[in-house]
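Engineer: Residue numbers (the numbering used here): 1037 to 1271.
Note that the Cβ used here is the ideal one computed from N, Cα and C, for glycine as well.
Computed from a predicted structure; not experimentally measured.
First the structure, which I've put down as structure tokens, then a few questions once you've had a look.
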């Protein structure tokens, strides 16, 4: 994740791109990278529940339903609190608005205060920009994409921007997004549409564009009940 560059994670709704991005944010923070995760979809509570589920190997529904945690589960949550949410250099930002200006201001403040190595924006099509009546949807999304690219250069950080895919598998308003990105990864889950798929539980990370290396498809396992993706050799 090179500073001044953007990685786009693209998937259809419900595949789990937010979970993958959150896994990446936590993994980066564990290496000491200073991370800001800006979500326009999930609340701070939802994000912390997902992180706790993944790190504590606690089924997510045990955390989201009252009375779902066992005594061991509560002990794991108590232990993870200081370990994850007090010591990790990970800041969760849930903007009041959904504008690019709001996200950029928060990122700059984060960079001034503690430094910023990685900014995650979930997700690109929800970010708003100032636009005229004649601005098309594609032009508006292009402005967001360009704004995030400029922000990565200005703050010398890497940006992971999540993007929706259309039903035909194409990135929505895709031309500008692909042009601005250094890496484009599609998240494909065969069992999302076909519950009887022979590849149930598998996820293909299709690297469609990569300025730093080859394109390929990496297969990982989805353990979404724990809000995590893992290497196939660890399942």
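(1) Any idea what DSSP makes of residue 1193, helix, strand or coil?
(2) Among 1221, 1047, 1240 and 1152, which one has its Cα closest to the Cα of residue 1256?
(3) Helix or strand or just coil, what does DSSP make of residue 1222?
(4) Between which two residues does the alpha helix (DSSP H) carrying residue 1268 extend?
(5) Using the rule of at least 16 other Cβ atoms within 10 Å of the residue's Cβ for burial, across every protein chain shown, is residue 1193 buried or exposed?
(6) Alpha carbon to alpha carbon, what distance is there between residue 1066 and residue 1125?
(7) Can you pull the DSSP bridge partners for residue 1259?
(8) Using three-state DSSP, classify residue 1251 as helix, strand or coil.
(9) Would residue 1061 and residue 1198 be called neighbours here (beta carbons separated by less than 9 Å)?
(10) Specify the secondary structure class of residue 1078 as computed by DSSP and reduced to three states.
(11) Could you pull the start and end residues of the alpha helix (DSSP H) that residue 1109 belongs to?
(12) Output the residue ranges of the beta strand (DSSP E) runs that lie fully inside the region 1037-1074 and measure 3 residues or longer, sorted by chain position.
(13) Going along the chain, which residues of its own chain have a beta-carbon closer than 8 Å to the beta-carbon of residue 1262, five neighbours each way excluded?
(14) Let's test the definition: count the other Cβ atoms within 10 Å of the Cβ of residue 1267 and tell me whether it reaches 16, buried, or not, exposed.
(15) Cβ atoms of residue 1212 and residue 1182: under 9 Å apart, would you say?
(16) What does the alpha-carbon distance come out to for the pair residue 1108 and residue 1224?
Structural biologist: According to the structure shown:
(1) Residue 1193 falls in the coil class under three-state DSSP.
(2) Closest by alpha carbon: 1240.
(3) strand
(4) Where residue 1268 is concerned, there is no enclosing alpha helix (DSSP H), given that its DSSP letter is neither H nor E.
(5) buried
(6) 8 Å
(7) 1264
(8) coil
(9) no
(10) coil
(11) 1107-1116
(12) 1042-1047
(13) 1089, 1090, 1093, 1094, 1095 and 1096
(14) exposed
(15) A Cβ-Cβ contact shorter than 9 Å links residue 1182 with residue 1212.
(16) 34 Å
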